[in-house]
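A.B. asks: Below are the structure tokens for one structure; questions will follow.
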């Protein structure tokens, strides 16, 4: 190579060439970033679909309802939550509850809750309806409210609850309390104040402030017979455990750990079923919209009652219709906090029995 040629190789590159090469590099970087974003988005979609596909779907639960007779809708969303226990020894909630949906005439619900989320996603209320509440079941006459689930599945239960409360149900969900043990462990345990020591199958849940693992939590929410007010106390325990699980799930320790957060959601989705109008995308949007919700902004209540009695051979719970109507009016108008503030004894205490 000539000296001139060697000298030319050291010449400065023309400005237009540098600009062209710089533009190419920028394009390559932008394309690379775009590819990474798309891959990340695809990963999120795949994870969302994987977890969403684990959630059981109850088909056509709203199809059989007379839309002209249903209550008017409201801002926010209202869920009718039903709790079953597929490992319970009781015939109406035990082995028959392992069916994909429900078994007519056999399976009933241990837990019935109406959960309403405010439109801004910052507050919510959960109102329990005792399973033995004596109510009018459309087309079936007076009976215990949980019989509606046995007679006609989700559709009849929704119809019964809407007729009782005049609150429109937007979605239906079933929680299997047999999975509560796994949910609690996935969350790292729950902190509850236990009002009365409970023991079952060699598992002891002492009284006082406790950090319960999954096995202890399941014993805690299942106990009924040793409690002074039976089902009423069990309802309060279930609410207390649910409140603690929500608090733990929303804690910084859970949310800041991708592994723990994923394990929790992965476990929950395996033990929850919803109506088929709630798609995977809808579930993801629901979770996102609840990002500002805190356990302290959730009111846990039980519908007012006047006491218990007998209807034939059945022990039933009588509802206080006037006080109940006031509560349901508050639910429909996002005024549950005000209703509860005026009746502090109706709120779930820090230490239910």
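In the numbering used here, the protein residues as written are 57 to 409.
For every residue, glycine included, the Cβ atom is placed at its ideal position computed from N, Cα and C.
Quick caveat: nothing in here was measured; it's all calculated off a predicted structure.
Taking buried to mean at least 16 other C-beta atoms within 10 Å of its own C-beta, is residue 380 buried or exposed?
C.D. replies: By the neighbour-count rule (16 or more Cβ atoms within 10 Å), residue 380 is buried.
A.B. asks: Would you say the segment 339-357 touches the segment 181-193, given that touching needs at least three Cβ pairs under 8 Å?
C.D. replies: Yes: the two stretches touch, three or more of their Cβ pairs being nearer than 8 Å.
A.B. asks: Can you give the Cα-Cα distance for residue 137 and residue 236, rounded to whole angstroms?
C.D. replies: Going by the C-alpha atoms only, they are around 15 Å apart.
A.B. asks: Step through the CB atoms of chain C and report whether any lies within less than 8 Å of the CB of residue 394.
C.D. replies: Judged by its chain identifiers, the structure shown contains no chain C, having just a single protein chain.
A.B. asks: In angstroms, rounded to a whole number, what distance separates the CA positions of residue 294 and residue 206?
C.D. replies: Straight-line Cα distance between these residues: approximately 22 Å.
A.B. asks: With DSSP collapsed to three states, give me the class of residue 127.
C.D. replies: The answer is coil: DSSP assigns residue 127 none of H, G, I, E or B.
A.B. asks: Please confirm whether residue 224 and residue 126 have their CB atoms less than 8 Å apart.
C.D. replies: Cβ distance < 8 Å, so residue 224 and residue 126 count as in contact.
A.B. asks: Hey, out of 129, 349 and 211, whose CA is closest to residue 332's CA?
C.D. replies: Ranking 129, 349 and 211 by Cα distance to residue 332 puts 211 first.
A.B. asks: Am I right that residue 268 and residue 291 are in contact with their C-beta atoms under 8 Å? What's the rounded C-beta distance?
C.D. replies: With a Cβ gap of about 18 Å, residue 268 and residue 291 do not count as contacting.
A.B. asks: Taking 8 Å as the cut-off, decide whether the C-beta atoms of residue 302 and residue 114 are in contact.
C.D. replies: In this structure, residue 114 does not lie closer than 8 Å to residue 302 by Cβ.
A.B. asks: Taking all protein chains shown into account, do 16 or more other C-beta atoms lie within 10 angstroms of the C-beta of residue 279, making it buried, or fewer, making it exposed?
C.D. replies: Under this definition residue 279 is a buried residue.
A.B. asks: What would DSSP say about residue 228, mapped onto helix, strand or coil?
C.D. replies: Strand at residue 228.
A.B. asks: From residue 259 to residue 209, what distance separates their C-alpha atoms?
C.D. replies: When rounded, the distance between both Cα atoms is 34 Å.
A.B. asks: Give the DSSP-derived three-state secondary structure of residue 363 in the structure shown.
C.D. replies: DSSP places residue 363 in strand when its eight states are reduced to three.
A.B. asks: Going along the chain, which residues of its own chain have a beta-carbon closer than 7 Å to the beta-carbon of residue 120, five neighbours each way excluded?
C.D. replies: Closer than 7 Å at Cβ, skipping near neighbours: 211.
A.B. asks: Nearest to residue 362 by CA position, among 313, 352 and 376, is which residue?
C.D. replies: The option with the nearest alpha carbon to residue 362 is 376.
A.B. asks: Could you tell me if residue 218 is buried or exposed, where buried requires 16 or more neighbouring beta carbons within 10 angstroms of its beta carbon?
C.D. replies: Buried.
A.B. asks: Let's test the definition: count the other Cβ atoms within 10 Å of the Cβ of residue 94 and tell me whether it reaches 16, buried, or not, exposed.
C.D. replies: Confidence is the limiting factor: at residue 94 the pLDDT is only 49, short of 50, which leaves the residue's position unreliable and the question unanswerable from this model.
A.B. asks: Using the three-state DSSP reduction, which class does residue 265 fall into: helix, strand or coil?
C.D. replies: Residue state, collapsed to three classes: strand.
A.B. asks: Give the DSSP-derived three-state secondary structure of residue 133 in the structure shown.
C.D. replies: In the structure shown, residue 133 sits in a strand (DSSP, three-state: E or B).
A.B. asks: Please report the Cβ distance between residue 297 and residue 246, rounded to the nearest whole angstrom; I am assuming they are in contact, meaning their Cβ atoms lie under 8 Å.
C.D. replies: Indeed, because the Cβ distance is near 6 Å, the residues count as touching under 8 Å.
A.B. asks: State the DSSP-derived secondary structure class of residue 218, mapped to helix, strand or coil.
C.D. replies: Note: residue 218 maps to helix in three-state DSSP.
A.B. asks: If we count the other Cβ atoms within 10 Å of its Cβ and call it buried at 16 or more, is residue 343 buried or exposed?
C.D. replies: When all chains shown are included, residue 343 counts as exposed.
A.B. asks: Quick one: what's residue 184 bridged to in DSSP?
C.D. replies: Its beta-bridge partners are 169 and 358.
A.B. asks: Can you tell me which of 108, 172, 104 and 140 puts its alpha carbon nearest to the alpha carbon of residue 349?
C.D. replies: Nearest option by C-alpha distance: 172.
A.B. asks: Got a sec, what are the start and stop residues for the alpha helix (DSSP H) residue 394 sits in?
C.D. replies: Start and end: 392-397.
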